[in-house]
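Anchor point for the sequence shown: position 5 equals 30 in my numbering, and the numbering is continuous, going up by one each time.
Note that the Cβ used here is the ideal one computed from N, Cα and C, for glycine as well.
Please read all numbers here as calculations on a predicted model, not as lab measurements.
Working notes, structure below.
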Amino acid sequence: MISSILILTLIGTVLGLMLSAVDYFLPYKEDPQIAQITELLPGTQCGQCGYAGCSQAAAALINGNAPLTLCPPGGPSMARQLSETLGRPLEQQQPATPVLPSLAKVVSELCIGCTKCIQECPTDAIVGAPKQLHVVLNEACNGCGACVDACPTEGILLAEMQLNLSNWRWSKPPGPNPFRVPMTEMGGAQ
Numbered sequence: 026m027i028s029s030i031l032i033l034t035l036i037g038t039v040l041g042l043m044l045s046a047v048d049y050f051l052p053y054k055e056d057p058q059i060a061q062i063t064e065l066l067p068g069t070q071c072g073q074c075g076y077a078g079c080s081q082a083a084a085a086l087i088n089g090n091a092p093l094t095l096c097p098p099g100g101p102s103m104a105r106q107l108s109e110t111l112g113r114p115l116e117q118q119q120p121a122t123p124v125l126p127s128l129a130k131v132v133s134e135l136c137i138g139c140t141k142c143i144q145e146c147p148t149d150a151i152v153g154a155p156k157q158l159h160v161v162l163n164e165a166c167n168g169c170g171a172c173v174d175a176c177p178t179e180g181i182l183l184a185e186m187q188l189n190l191s192n193w194r195w196s197k198p199p200g201p202n203p204f205r206v207p208m209t210e211m212g213g214a215q
């Protein structure tokens, strides 16, 4: 019995020393630019960009395999930050109609209070207790849809945010704005 314990301890020690030697002689060097871009991204790992997580999206941005506007929760302000950080020009992709973010909505008749949506939400935007109706906090929801996939009763839907006075994007006076579209392109007079 004692000999088997000593043998296992010896094997563990030898393997630990081997791992330490490998780490010393072959260190893993992460690109510091990937860490910098990952810090700019929201970090919710929502997958709306098509990548498994924010670090994979950051690597794709650095390699030039992804557009600067790939992060829907980050919006235009994040695209501008990424453009400044990476030194790449921001593509002029102005949609014809403004695209509003999607937010999760709980269907009260279908919610059974199982808390699976609360456990899956990366931004803690859903509050509730077991066997009670859950509520989505619109300020924290980024519309990733993780809660929709987790709900066993299909009691959560993604709905487009409704415009009201608190989230309306008021037009700004003309100025040095790189995203400004000239009036001639919009069909109006100058």
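In the structure shown, the three-state DSSP call for Leu86 is helix. Residue Cys176 holds the alpha-carbon nearest to the alpha-carbon of Leu158 among Cys176, Tyr76 and Met103. Taken in chain order, the whole alpha helix (DSSP H) runs of length 4 or more contained in the segment 35–73 are 57–65. Ala150 sits close to Val161, with the two beta carbons spaced by under 8 Å. Going by DSSP, Val173 is part of no beta strand (DSSP E) but of the alpha helix (DSSP H) stretching over Ala171 to Ala175. Looking at the backbone, the Cα of Gln144 and that of Ala104 are separated by about 29 Å.
Membership of Leu135 in any beta strand (DSSP E) is not indicated, and neither H nor E is assigned to it by DSSP.
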